[in-house]
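Residue numbers (our numbering): 188 to 262.
Have a look at this one:
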């Protein structure tokens, strides 16, 4: 986990890998209660980051498909 809980990851894959690690930590029955809230807060930042990346990718794909449809021969 990064020392800055609000730090943005380099990309989607990095965020997902960090999230996977946090989930393993959070699944541990012996998690240090003093670290629990920090790990949950970091997970929330990463989830929002991933959601934004997915949303942007959906918009980009939609735009590309719309442009392809508009340039389809016979229209």
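Cβ atoms here follow ideal geometry from the backbone N, Cα and C, with glycine treated the same way.
Straight through space, the alpha carbons of residue 224 and residue 248 are spaced by roughly 36 angstroms. Just measuring C-alpha positions, the residue of 243, 251, 260 and 230 sitting nearest residue 194 is 230. When rounded, the separation of the alpha-carbon atoms in residue 196 and residue 202 is 6 angstroms.
Counting along the chain, residue 247 sits inside the alpha helix (DSSP H) bounded by residues 220 to 257.
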